[in-house]
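Residue numbers (the UniProt record's numbering): 1 to 587.
Heads up, the beta-carbon is just placed ideally off N, CA and C, and yes, glycines get one too.
Please read these numbers as outputs of a predicted model, since none were measured by experiment.
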């Protein structure tokens, strides 16, 4: 067979055609014989085969009488013989599952309604029964749907109420939405400790009031906030955050300050890089050790310092803190509202601190390196911070006879008695224990209210009225004076024992794991506080926050570091007041 095919393959084209024609003529016609046999068998049998479903034929434009080509418009399992095209199923012998001839054939055709509504209802029913998968067909749009879609109102920009809103789709496709939202760090002073709150810009004023209210334990509706930036000056006025416009102004100011700090950081970093490159070249030429390459780090964080300002029923106190005026605007300046009581107290404390600083500068001793008082006879004595504060308070109240060179007589007499120096005029009174801060403030207040020139009457019968010029009463007996001096020395020793030195106390705070959780270095401020004239713990506890910051910043020569952070100063004062209270209770 293989040789025969090989021989046929070597023939020419015409010769191969002749060989194939002869083979077709000699091949028996199997389909015709099968058709004849099936016809004879069907006539012999009275039963009919089981009807088969009609198969869909390919639709062509060929007429039924034109004749058919091979395998055209015919099922795949039909033969080539003569088949009736109009019969539903060809009759083949040998079929099984014979049914009775009386049963009509099953009609499997599907009649679809012409009405679109009925067709939709039919398809919906078919979908619900699960006979047809839902994705196989698409519901045709009715005429009413087409008309309604043409007159559909277009959505305006910014309307995000609809599920298929164009604005929502635009936002979802925006690549900037995936970026991290900018966060604003806030600082809130709670119980003398600065707490940090970080909120996104989009949170708004309500979220800020809610978070700060939780820290301060105040309802957000009853909370009034004022802010200042950590980069602003210490004497800069606070600005109220009482409206969305003020909140936006705060965000703009914070962004501007952050960009400014970033520019400063980049400038400083470029200088450090240039200096490092020059140093590296110099070390390479000299053959010395190459310095360590500096790390860039990060710029300083700009915090928004928040504080609560109190409101009351009075018209003066209901007004919020004045807003920061914008520079560059021409025209008449608006009259500032009447300052509230809180602002009056703040201004008074600032004036007291300024007067105290000026007073200490006026009595700065270059021989000893700190401020002191020169008594008659040229003796230098150190004055406690309480006495300095009382002297500054008398200057602010404009007490008669008190100036930067002349202290209040009550202080002068006590200094003379404590140091066993007879006064050139006036009565030498018995030594008394140094007054507490509350007593000093009470004495100053009573002297102002009573309109007296000197405040010695505030202490009751402890002090006698001073003698004026020309009146020289008899001095006390030497024995009593010796006993008084002994008692005064005993009191001074008690004070020095009860209130430790400030540098030692700072070292104890550094080593205390409960107080120094953040591992801060409080001892670094000890030298600056000593230069400012604060030597013992009770002197530190007698100050408020603004006074401590002003006194430390005005110390000469300038301490290192040059300033105390506001949060650190608040923590120091809180611990100092607590320890002083414990010491007084023990005494």
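query	result
Exposed or buried, which one is residue 584 when buried takes at least 16 other CB atoms within 10 Å?	exposed
Starting from the C-beta of residue 554, find all residues in its chain whose C-beta is less than 6 angstroms away, skip the five residues before and the five after it, and write them out in chain order.	357
Within the same chain, show all residues whose beta-carbon is closer than 6 angstroms to that of residue 592, passing over the 5 residues directly before and after it, in chain order.	Lying outside 1 to 587, the shown extent of the chain, residue 592 is not represented and no answer is given.
Inspect the beta-carbon positions of residue 375 and residue 383 and report whether they are closer than 8 angstroms.	no
Could you tell me whether the segment 273–282 touches the segment 253–265, where touching means 3 or more Cβ pairs closer than 8 angstroms?	no
Counting pairs of beta carbons, one from the segment 238–247 and one from the segment 188–200, are three or more of them closer than 8 angstroms?	no
Counting Cβ pairs closer than 8 angstroms, one from the segment 361–376 and one from the segment 521–528, do we hit at least three?	no
Compare the beta carbon distance of residue 502 and residue 536 with 8 angstroms and say whether it is the shorter of the two.	yes
Within the chosen definition, does the segment 553–570 reach the segment 527–535 through at least 3 CB pairs nearer than 8 angstroms?	yes
Are residue 540 and residue 576 closer than 8 angstroms when you measure CB to CB?	yes
What span of residues does the beta strand (DSSP E) with residue 511 cover, start to end?	Unbroken run through residue 511 is the alpha helix (DSSP H), 502–511; no beta strand (DSSP E).
Please list, in chain order, all residues of the same chain as residue 250 whose beta carbon is under 8 angstroms from its beta carbon, the five residues on each side excluded.	227, 239, 241, 304
Rank 379, 26, 355, 353 by C-alpha distance to the C-alpha of residue 365 and give the top, closest one.	379
Helix, strand or coil for residue 224? Go by DSSP, reduced to three states.	coil
Considering only the beta carbon of each residue, do residue 188 and residue 215 sit closer than 8 angstroms?	yes
Is any heavy atom of the ligand ADP found at a distance shorter than 7 angstroms from the C-beta of residue 568?	Ligands in the displayed structure: none, and consequently the ligand ADP is not present.
Can you tell me whether residue 379 is helix, strand or coil according to DSSP?	strand
Just the C-alpha distance for residue 232 and residue 415, rounded to the nearest angstrom, thanks.	42 angstroms
Judging by CA-CA distance, which residue of 370, 578, 391, 300 is the nearest neighbour of residue 355?	391
Per DSSP, what kind of secondary structure is residue 578 in: helix, strand or coil?	helix
I'd like to know whether the C-beta atoms of residue 205 and residue 247 end up nearer to each other than 8 angstroms.	yes
Below 8 angstroms CB to CB, which residues in the same chain sit around residue 560 once its five sequence neighbours on both sides are set aside?	524, 527, 528
Tell me which same chain residues have a C-beta within less than 8 angstroms of the C-beta of residue 287, skipping the five on either side of it?	none
For residue 547, does the count of other Cβ atoms within 10 angstroms reach 16, so buried, or fall short, so exposed?	buried
Could you give the distance in angstroms between the alpha-carbon of residue 192 and the alpha-carbon of residue 421?	44 angstroms
How long is the line joining the alpha carbons of residue 400 and residue 406, rounded to whole angstroms?	11 angstroms
Residues in the same chain with beta-carbon distance under 8 angstroms from residue 573, minus the five sequence neighbours each way, listed in chain order, please.	192, 540, 541, 543, 544, 545, 548
When you compare only the Cα positions, how much space is there between residue 582 and residue 515?	16 angstroms
Buried or exposed for residue 236, going by 16 or more other Cβ atoms inside 10 Å?	exposed
Out of 265, 294, 270, 293, which one is the CA nearest neighbour of residue 301?	265
Quick check on the burial criterion: 16 or more other C-beta atoms within 10 angstroms. Buried or exposed for residue 413?	buried
When you compare only the Cα positions, how much space is there between residue 254 and residue 271?	26 angstroms
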